[in-house]
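Note that my numbering has the sequence shown beginning at 87, numbered continuously upward. For every residue, glycine included, the Cβ atom is placed at its ideal position computed from N, Cα and C. First comes the structure, then the notes that go with it.
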Amino acid sequence: MVLELARHKSSWYLASAVWMSAPLVGNAQTVVFPHPFDGKPIATPLKAGEAETEALRSFKSNGVNLYRQEAKAVAEGKALYEQWCQVCHNADGTGKMGPSLVGKSFTYPQTATDAGMFAIVYGGASGAMQAFAPREITQDEMLRIIAYVRSITPR
């Protein structure tokens, strides 16, 4: 068990190192979302019936979360955060069972960027952080959650 955990953590650290050194934007001017375990790109297809909003299309193109500047989207992100995230990350994002999502240092360095946080929310991470891609939440809603988390992060 200890060996398995050590191997798992080593893979994560290797993936983080790969991610932190990799360019955010690929050759086709699209953002690459590396998986936190192995650094391999995560495919982010839309679910059946899921709409690709302008904010999502833009985010996948340049890594900029347009919702960070929209008060209504941040408020919607707060409601989604309360539904999906606060049980593990606390209402203020400081962490409980899951790590802190706010501040200047992160348990998972990948969460320092919106693209990195999206990859973790979408694809999952270690421990109890399961992938949200198969759940009843859209990629657009994930962006709204990230906008909210960034709004509560001390500067």
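Practice problem: For my contact list, Tyr208 and Met228 are in at a C-beta cut-off of 8 angstroms; report their separation, rounded to the angstrom. | Solution: Here the question's residue 208 lines up with position 122 in the sequence shown. Here the question's residue 228 lines up with position 142 in the sequence shown. Here Tyr208 really is in contact with Met228; their C-beta atoms are around 6 angstroms apart, less than 8 angstroms.
Practice problem: Measure the Cβ-Cβ separation of Pro122 and Ala217 and say whether it is below 8 angstroms. | Solution: Within the sequence shown, residue 122 is the residue found at index 36, counting from 1. Within the sequence shown, residue 217 is the residue found at index 131, counting from 1. No, they are not a contact pair.
Quiz item: If you check the beta carbons only, do Ile238 and Val173 fall under 8 angstroms apart?
Solution: Residue numbering aside, residue 238 sits at position 152 when the sequence shown is read from its first letter. Residue numbering aside, residue 173 sits at position 87 when the sequence shown is read from its first letter. 8 angstroms or more divides the Cβ of Ile238 from the Cβ of Val173.
Exercise. Look at Gln196 and Glu136 and say whether their C-beta atoms are less than 8 angstroms apart.
Key: Start at 1 with the first residue of the sequence shown, and residue 196 comes out as number 110. Start at 1 with the first residue of the sequence shown, and residue 136 comes out as number 50. The answer is no: Cβ separation not under 8 angstroms.
Quiz item: Taking all protein chains shown into account, do 16 or more other C-beta atoms lie within 10 angstroms of the C-beta of Lys164, making it buried, or fewer, making it exposed?
Solution: Against the sequence shown, residue 164 aligns to sequence position 78. Sixteen is the threshold: when 16 or more other Cβ atoms of the shown chains lie within 10 Å of the Cβ of Lys164, as they do, the residue is buried.
Quiz item: Do Ala141 and Leu132 have their CB atoms nearer than 8 angstroms?
Solution: Residue 141 sits at position 55 when you count from the first residue of the sequence shown. Residue 132 sits at position 46 when you count from the first residue of the sequence shown. The answer is no: Cβ separation not under 8 angstroms.
Quiz item: How is Val173 classed by DSSP in three states: helix, strand or coil?
Solution: The count along the sequence shown starts at 1 and reaches residue 173 at position 87. Residue state, collapsed to three classes: helix.
Quiz prompt | Opposing strand residues paired with Pro120 [DSSP bridges] | solution = Taking the sequence shown and counting its residues from 1, one reaches residue 120 at position 34. Pro127.
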